[in-house]
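Peer 1: My questions all concern the structure below.
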DNA sequence: GCACATAGTCCGAAGTTCGGACTAATGTGA
DNA sequence: TCACATTAGTCCGAACTTCGGACTATGTGC
């Protein structure tokens, strides 16, 4: 299966940029999830994806919903699980009594601390493969692309 | 939410490469799905992701399962839906009587034909934003990265 | 030809998603 | 200052999805 049917750019060319982006993304995600599982944290994908979006100072549910492009209820239920597993806590938002901030607990912080070296190692492996200069170019291009593709830039 | 908690490369730096890859990927996916919905094809994400992996000459279930990193049963059920909606058909694999090939029907081909210009337009928008040269570098870097990150290269 | 691997399906329990309807707190403007 | 619209989040529950286990049919190697 070299060419995809659905979204290949054209018959003769290789994969479209979308899938080309997805492949390494998925690899990074898998590496992190595997490392977490190894450390005894069995985080399902949906929980990981929401967790990842929590800002260090805490995030509101609606923010998380927007960032992960899921309805509030869905994110609510995912946060319930994260909370039950002790990774996050909901605290009242001091600036708005309707809202609550989803914050990372010390146990949740463990997840971050396990992930970080894996992310760094994966990036290092990529850098070793691509070379320093191209890695910088890649990151720059992606950061630039974010300007026109991120529906949720604060 | 500027920095993500889970996987930021380091406190001062911007997003990690993983999320940086994901953002444009998701944008592309959304653009395609929106266009399909507009044309009356309400394809859920999971179906779209599997459909996208079907090779023009047809793919086996096990291949699709491996490529999308889902169990056979899950992919089987997704293919059931695609089949019920008339986008794909299962035909016997002439080379192996146990296997069947999931192939794209004319109606499924419509999906491809709707997606293609959207993919091209999105890529063109990105090119306009990044410039010709950086786009080429981006694609090259990603294609290279695929060599070490694609668990399923034929 | 017999054992073993492989393709795919069926079953069903457990889990996930998310529309709609709701409560509570905020902001707004007359 | 009070109605009124808006926004944060939750509760409910039906429909759907996921996927382990067990199964059949075919291929493959000894």
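Chains as they are written, first to last, in the working numbering: chain A, 208 to 361; chain B, 208 to 361. Each residue gets a CB set at the ideal place from its N, CA and C atoms; glycine is no exception.
To the nearest whole angstrom, what separates the beta carbons of residue 275/A and residue 282/A, a pair I think is in contact under 8 Å?
Peer 2: In the first chain, counting from the first residue as 1, residue 275/A sits at position 68. In the first chain, counting from the first residue as 1, residue 282/A sits at position 75. Residue 275/A to residue 282/A, Cβ: 6 Å. Contact.
Peer 1: Do residue 321/B and residue 242/B count as a contact pair if the criterion is CB distance below 8 Å?
Peer 2: The residue you call residue 242/B lines up with position 35 of the second chain. The residue you call residue 321/B lines up with position 114 of the second chain. For residue 242/B and residue 321/B, yes; Cβs fall inside 8 Å.
Peer 1: Taking the beta carbon of residue 302/B as the centre, do at least 16 other beta carbons fall within 10 Å, making it buried, or is it exposed?
Peer 2: Taking the second chain and counting its residues from 1, one reaches residue 302/B at position 95. The residue in question, residue 302/B, is exposed, as its Cβ has fewer than 16 Cβ neighbours within 10 Å.
Peer 1: With a cut-off of 8 Å, does the C-beta of residue 309/B fall near any C-beta of chain A?
Peer 2: For this step, residue 309/B is matched to residue 102 along the second chain. Chain A contact via Cβ: absent.
Peer 1: Under the rule that 16 or more other beta-carbon atoms within 10 Å means buried, what is residue 338/A, buried or exposed?
Peer 2: On the first chain, residue 338/A is found 131 positions in, with the first residue counted as 1. By the 10 Å Cβ count, residue 338/A comes out exposed.
Peer 1: Is there contact between the segment 246 to 263 of chain B and the segment 339 to 347 of chain B, where contact requires at least three CB pairs shorter than 8 Å?
Peer 2: Short answer: they don't touch.
Peer 1: When the Cβ atoms of the segment 284 to 298 of chain A are set against those of the segment 321 to 330 of chain A, are three or more pairs found closer than 8 Å?
Peer 2: Verdict: no, contact absent.
Peer 1: Around the C-beta of residue 308/B, are 16 or more other C-beta atoms found within 10 angstroms, so that it is buried, or is it exposed?
Peer 2: On the second chain, residue 308/B is found 101 positions in, with the first residue counted as 1. Looking at its Cβ environment, which holds 16 or more other Cβ atoms inside 10 Å, residue 308/B is buried.
Peer 1: Check residue 227/B in the structure and name its three-state DSSP category.
Peer 2: Your numbering for residue 227/B matches position 20 in the second chain. In this structure, residue 227/B counts as helix in the three-state DSSP scheme.
Peer 1: Using 10 angstroms around the beta-carbon of residue 234/B, count the other beta-carbons present and answer buried if the total reaches 16, otherwise exposed.
Peer 2: As a position in the second chain, residue 234/B is number 27, starting the count at 1. Label assigned to residue 234/B: buried.
Peer 1: Comparing alpha-carbon positions, which option in 270/B, 318/B, 223/B and 253/B lies nearest residue 245/B?
Peer 2: Along the second chain, read from residue 1 onward, the residue named residue 245/B stands at position 38. Of 270/B, 318/B, 223/B and 253/B, the residue nearest in Cα terms is 318/B.
Peer 1: Taking Cβ positions, are residue 258/A and residue 232/A nearer each other than 8 Å?
Peer 2: Locating residue 258/A in the first chain gives position 51, where the first residue counts as 1. Locating residue 232/A in the first chain gives position 25, where the first residue counts as 1. No, they are not a contact pair.
Peer 1: Going along the segment 279 to 308 of chain B in order, which residues come within less than 8 Å of chain A, judged by CB to CB distance?
Peer 2: Those residues of the segment 279 to 308 of chain B that come within reach of chain A (Cβ to Cβ, closer than 8 Å) do not exist; the list is empty.
Peer 1: Could you tell me which chain A residues have their CB closer than 8 Å to the CB of residue 336/B, listed as they occur along the chain?
Peer 2: For the purposes of this step, residue 336/B is taken as residue 129 along the second chain, with counting starting at 1. Chain A residues near residue 336/B: 351, 352, 354 and 355.
Peer 1: In chain A, which residues lie with their C-beta within 7 Å of the C-beta of residue 230/B?
Peer 2: Position 23 of the second chain, counted from the start, is the residue given in the question as residue 230/B. Those within 7 Å of residue 230/B in chain A are 353, 356 and 357.
Peer 1: DSSP state of residue 299/A, grouped into three classes?
Peer 2: Counting from 1 along the first chain, the entry for residue 299/A is found at position 92. It is a strand residue.
Peer 1: Please go through the same chain and pick out, in chain order, the residues whose beta-carbon is closer than 7 Å to the beta-carbon of residue 299/A, but skip the five residues on each side of it.
Peer 2: Locating residue 299/A in the first chain gives position 92, where the first residue counts as 1. Taken in chain order, the residues that qualify are 307.
Peer 1: How many Å lie between residue 356/A and residue 240/B at the Cα?
Peer 2: Within the first chain, residue 356/A is the residue found at index 149, counting from 1. Within the second chain, residue 240/B is the residue found at index 33, counting from 1. The alpha-carbon atoms of residue 356/A and residue 240/B are separated by roughly 15 Å.
Peer 1: Is residue 292/B helix, strand or coil by DSSP?
Peer 2: Walking along the second chain from the start, residue 292/B turns up at place 85. In the structure shown, residue 292/B sits in coil (DSSP, three-state: anything other than H, G, I, E or B).
Peer 1: For a contact defined as C-beta to C-beta under 9 Å, what are the partners of residue 331/B on chain A?
Peer 2: To locate residue 331/B, count along the second chain from 1; it is residue 124. Chain A residues near residue 331/B: none, gap ~11 Å exceeds 9 Å.
Peer 1: Could you tell me the distance, in whole angstroms, from the CA atom of residue 351/B to the CA atom of residue 225/A?
Peer 2: For the purposes of this step, residue 351/B is taken as the residue at position 144 of the second chain. For the purposes of this step, residue 225/A is taken as the residue at position 18 of the first chain. If I take the Cα positions, the gap works out to 15 Å.
Peer 1: Determine the extent of the beta strand (DSSP E) in which residue 312/A is found, giving its start and end residues.
Peer 2: Translated into the one-based positions of the first chain, residue 312/A becomes position 105. That residue, residue 312/A, is in no beta strand (DSSP E); it is neither H nor E in DSSP.
Peer 1: Is the Cβ of residue 241/B closer than 8 Å to any Cβ of chain A?
Peer 2: Counting from 1 along the second chain, the entry for residue 241/B is found at position 34. It does not; no Cβ of chain A falls within 8 Å.
Peer 1: Mind checking whether residue 353/B and residue 349/A have CB atoms under 8 Å apart?
Peer 2: Walking along the second chain from the start, residue 353/B turns up at place 146. Walking along the first chain from the start, residue 349/A turns up at place 142. No, these two residues do not count as a Cβ contact at 8 Å.
Peer 1: Using a cut-off of 8 Å between C-beta atoms, extract the partners of residue 339/A located in chain B.
Peer 2: Taking the first residue of the first chain as 1, we reach residue 339/A at position 132. Within chain B, no residue comes near residue 339/A; the closest Cβ sits about 12 Å away, beyond 8 Å.
Peer 1: Mapping DSSP to helix, strand and coil, what is residue 260/B?
Peer 2: Residue mapping note: residue 260/B aligns to position 53 of the second chain, counting from 1. Reduced to three states, the DSSP call for residue 260/B is coil.
Peer 1: Which term fits residue 256/B, buried or exposed, when burial requires 16 or more other beta carbons within 10 angstroms of its beta carbon?
Peer 2: As a first step, residue 256/B is located in the second chain; it is residue number 49 there, counting from the start. Residue 256/B is buried by the Cβ-count criterion.
Peer 1: Per DSSP, what are the beta-bridge partners of residue 266/A in this structure?
Peer 2: In the first chain, the residue the question calls residue 266/A occupies position 59. Bridge partners of residue 266/A: 309/A.
Peer 1: Beta-carbon of residue 234/A versus every beta-carbon of chain B: anything under 8 Å?
Peer 2: As a working note, residue 234/A is residue 27 in the first chain. By this cut-off, residue 234/A is an interface position.
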